[in-house]
Amino acid sequence: MSFSDSPTLEVKDLKTYFFTKGGIARAVDGVSFSVGRGKVLGLVGESGSGKTVTGFSILGLVDEPGRIVSGEILYRGENLVSASMGRMRELRGLNISMIFQDPMMTLNPVLRIDTQMIEAIQAHEKISKDDARQRARDVLGQVGIASPDERLRAYPHQFSGGMRQRVAIAIALLNKPDLIVADEPTTALDVTIQGQILYEVQKLCSQTGTALIWITHDLSVVAGLADDICVMYAGRIVEQGSVNSVLDNPRHPYTHGLISSVPSRNRRGVPLAQIPGMAPSLLKLPKGCSFGPRCPQVTADCGIIPNISMLDKGRQLRCHNPLDALVSPKLKD
Amino acid sequence: MDPNAQKQSIVTINQISKRFVKSLDLAGRIAQRFGADIREEIVYAVDKVSLEIQDGEVVGLVGESGCGKSTLGRVVAGVHEPSDGKVLFRGQEIDSLTGQDAQAAALKIQMIFQDPMSSLNPRMRVQDIIGEAPVVHGVVDSKDITNYVEEIMLRVGLDPSYARRYPHQFSGGQRQRIGIARALAVQPDFLVCDESVAALDVSIQAQVLNLFMRLREELNLTYLFISHDLGVVEHLSDRVVIMYLGRVVEIAPTSELFADPNHPYTQALLAEVPRLETRQRKFAPVKGEIPSPIDPPSGCHFHPRCPQASARCREEIPVLREIAQKRFSACHLNS
Ligand SMILES: Nc1ncnc2c1ncn2[C@@H]1O[C@H](COP(=O)(O)OP(=O)(O)OP(=O)(O)O)[C@@H](O)[C@H]1O
Ligand SMILES: Nc1ncnc2c1ncn2[C@@H]1O[C@H](COP(=O)(O)OP(=O)(O)OP(=O)(O)O)[C@@H](O)[C@H]1O
Ligand code: SF4
Ligand SMILES: [Mg+2]
Ligand SMILES: [Mg+2]
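Protein chains in written order, with the numbering used here: chain P, 1 to 333; chain X, 334 to 668.
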């Protein structure tokens, strides 16, 4: 690491709850992780497990009826949980940016792409309109938009879904931020275009030291891109560690189940392993370990919520009956 | 031609083209009202595509975002009229049939849409979503419908006691099954599945894929399976069709395609597939320029990105020709 040893982002025991009519939904319930300069953290997990809400909490975008109830989000040592709205606005788009699951959360349908991109640059920097346009043009090219000069003059509706997604990514990259939270950013793209975008993102991380949180359900992308991985289930991180250790040697039964359900080359046509049952409702969580009712390893102990246990090399786990360190699902090939 | 063509083919796609005159959507109309200079454009979504699908086969349809996969699927399912060309069902042109025959043929091809939430009526109960069409079309008697719906729900792994619920009361994977149940209820022979598992996380995705495979066995279904997830396509399909910018560029049996891709675009695709066992890899940028369907390149649509393009590729459209048994590719390198 270059000028500082402290991580770019440190999240400590974060709790973000939604106070709904039906009860309290503990969407993020005691989540801790950190991302260092130039590092990529993959955040994976079942739909509804709290990945997006974790990202929103970092950006200060959690809305009623939700709120951060406790914990710390330290960006270069500054606690964002207690930062003012003004301070958050200053940071967003310049130091920290988010690529949303839905690109139309970033794009304004009635404004031309150039207007939006130039505005995003000039909001944080004294720079001439021509220079800003030049940068916007370059970044559009980086995300694989053909003829960026003409495309800059287009409106969002003139783009296909995948192209809109790429423009939203371009806007997040414009100011070379320090920290990017990317929420399922490439799900609608074919792998060649996805590769182009991952290439640019990797370059940004290594050259600028940008720290990246990559939220996805695609384990194969995380495998190729991330340094570390957090696996979420029902608001909690159930397993985290380096990508190699977690994917080669999952200890939590949920992680194991996830990896086993990825379609595999040499088992073509054979039924895929599946995790039985479905994710629980946050309003009706089972007692104890939330994964209990679906877990092949479940025992009476699991009626109590498992604590985080620290294994070697920063590996963390929440399970009463972790899988043997040697059991690993057969990886493809 | 295709030696399989002698065998019974269930669907024949014959020189299908689909052009859209891009009329303005809401955002466009608003933008226009605000003084924007917006014109209509012609999009060449599907360009002279031909394909024979055999009874009982699973054909995977793969390609870049915006290359025309959904459009082709919709034409096959009768949701869109083609601009040119014909779709034959068991050798008969669907348009030429009339009355009951036409209706029967239309029912035999069903489509499962990408987003289950937007294709299920939120104000209808699941029992009506599944049971309406089979009663209307006389597939079952209305007095037997409760039992019939129950049977279909069981078949797709939904608890029949949920029959009176509304779509929003289900999880993503369950909603996908409702879409499948609705399609199955009219007893189709052929299913077009458009990105049917894209929005699902892997554990639910596995449940739905297993269901598709089981139904294929039990009901002898044929599938056109649209997906950009090559892992899923490889797992499920017998044969794979690769599209690029409105045209088919390669057709091959699955194992041969993945072992030995012929077309440079297919090669580029396979080289980029992320794999669980590939760690901390160096991603590579797309070489050359990415073309647009509004203003497609001359000659081979792939030539601006193709590492092996020659002068001929810029001028002459390569035809899809047989390069080996059951293998077709549209690339000048083969001639
Ligand atoms: N505004 C809200 N009101 C009430 N509950 C909410 C709200 N927003 C999110 N939640 C709940 O918080 C939980 C976590 O949601 P989140 O969007 O973070 O899931 P996710 O992991 O991103 O899932 P996906 O993979 O489907 O995007 C969900 O159970 C959701 O129902
Ligand atoms: N109703 C429509 N009106 C105008 N243009 C359309 C319409 N439907 C599709 N198109 C255009 O046709 C082309 C092909 O679209 P299609 O939806 O078939 O792509 P696709 O291969 O399914 O892409 P994706 O993987 O993103 O779903 C695109 O350029 C799209 O913008
Ligand atoms: S026809 Fe030419 S440009 Fe097209 S794929 Fe083949 S070599 Fe490349
Ligand atoms: Mg999300
Ligand atoms: Mg589509």
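The C-beta atom is built at its ideal place from N, Cα and C for all residues, glycine as well.
Range of the contiguous alpha helix (DSSP H) that encloses ILE485 of chain X: Counting along the chain, the alpha helix (DSSP H) containing ILE485 of chain X begins and ends at 478–488.
Closer than 7 angstroms: PHE446 of chain X CB and nearest ligand 6 heavy atom: This structure simply doesn't include ligand 6; it includes ligand 1, ligand 2, ligand 3, ligand 4 and ligand 5 instead.
Pick from P:PHE19, P:ALA170, P:TYR155 that is closest to GLN196 of chain P, judged by C-alpha positions: P:ALA170
DSSP state of GLU78 of chain P mapped onto helix, strand, coil: Of the three classes helix, strand and coil, the one that applies to GLU78 of chain P here is strand, per DSSP.
ASP534 of chain X: CB within 7 angstroms of a non-hydrogen atom of ligand 4: no
SER260 of chain P - DSSP class collapsed to helix/strand/coil: helix
ASP628 of chain X, DSSP secondary structure in three states: Strand, per DSSP.
LEU14 of chain P versus P:GLY22, P:THR8, P:PRO7, P:VAL28, residue with shortest Cα-Cα distance: P:VAL28
Beta-carbon neighbours of MET546 of chain X, restricted to chain P and to distances below 8 angstroms: GLY269, PRO271
LYS351 of chain X: CB within 7 angstroms of a non-hydrogen atom of ligand 5: no
ILE96 of chain P, DSSP secondary structure in three states: The DSSP-derived three-state label of ILE96 of chain P is strand.
Beta-carbon proximity check, VAL408 of chain X vs ILE193 of chain P, cutoff 8 angstroms: no
CB contact check: VAL298 of chain P to chain X, cutoff 8 angstroms: Proximity of VAL298 of chain P to chain X, defined by a Cβ-Cβ separation below 8 angstroms, is not satisfied.
PRO280 of chain P beta carbon near ligand 1 (any heavy atom closer than 7 angstroms): no
Chain B within 8 angstroms of GLN538 of chain X, Cβ atoms only: Note that chain B does not occur in the displayed structure, where the protein chains are P and X.
Option nearest VAL573 of chain X by Cα separation, candidates X:ALA539, X:GLY396, X:TYR481, X:SER350: X:GLY396
Neighbouring residues, chain X, relative to GLU90 of chain P (Cβ below 9 angstroms): Those within 9 angstroms of GLU90 of chain P in chain X number zero; the least Cβ separation is about 30 angstroms.
Three-way DSSP call (helix, strand, coil) for ASN396 of chain P in this model: Absent from the structure is residue 396 of chain P, since the part of chain P shown begins at 1 and ends at 333.
Span of the alpha helix (DSSP H), counted from its first residue to its last, around PHE591 of chain X: 587–592
MET88 of chain P (DSSP reduced to helix, strand or coil): The answer is helix: DSSP assigns MET88 of chain P an H, G or I state.
Extent of the continuous alpha helix (DSSP H) to which ILE463 of chain X belongs: 459–469
Span separating the alpha-carbon of VAL606 of chain X from that of HIS665 of chain X: In this structure, the alpha-carbon of VAL606 of chain X lies about 25 angstroms from that of HIS665 of chain X.
ILE215 of chain P versus THR186 of chain P - alpha carbon distance: 10 angstroms
Buried versus exposed, by CB contacts within 10 Å (16 or more), MET1 of chain P: Bear in mind that the predicted position of MET1 of chain P carries a pLDDT of just 41, short of 50, making it unreliable; the figure below should be weighed with that in mind. That one is exposed.
Nearest residue (CA-CA) to ARG318 of chain P, options P:SER242, P:GLY303, P:VAL238: P:VAL238
Test: ILE73 of chain P CB closer than 8 angstroms to a CB of chain X: The beta carbon of ILE73 of chain P does not come within 8 angstroms of any beta carbon belonging to chain X, so the residue lies off that interface.
Beta carbon nearer than 7 angstroms to a non-hydrogen atom of ligand 4: Going along the chain, the residues that qualify are P:LYS51, P:THR52, P:GLN101, P:ASP183, P:GLU184, P:ILE215.
Contact test: GLU528 of chain X Cβ vs ligand 5 heavy atom, cutoff 7 angstroms: yes
ALA657 of chain X: CB within 7 angstroms of a non-hydrogen atom of ligand 1: no
Interface flag, LEU640 of chain X vs chain P, CB-CB below 8 angstroms: The identity of residue 640 of chain X in the sequence shown is Pro, whereas the question assumes Leu. No Cβ of chain P is located within less than 8 angstroms of the beta carbon of PRO640 of chain X.
For LEU204 of chain P and LEU174 of chain P, believed in contact at Cβ under 8 angstroms, the rounded distance: With a Cβ gap of about 11 angstroms, LEU174 of chain P and LEU204 of chain P do not count as contacting.
Heavy atom of ligand 1 within 7 angstroms of THR20 of chain P beta-carbon: Yes.
Helix, strand or coil at CYS386 of chain P [DSSP, three-state]: Because chain P spans 1 through 333 in this model, residue 386 of chain P falls outside it and cannot be assessed.
Integer-rounded CB distance, given that TYR499 of chain X should sit under 8 angstroms from ARG549 of chain X: Contact flag wrong, Cβ pair sits at about 30 angstroms.
Closer than 7 angstroms: ALA27 of chain P CB and nearest ligand 1 heavy atom: Result yes, Cβ under 7 angstroms from ligand 1.
LEU517 of chain X in three-state terms, based on DSSP: helix
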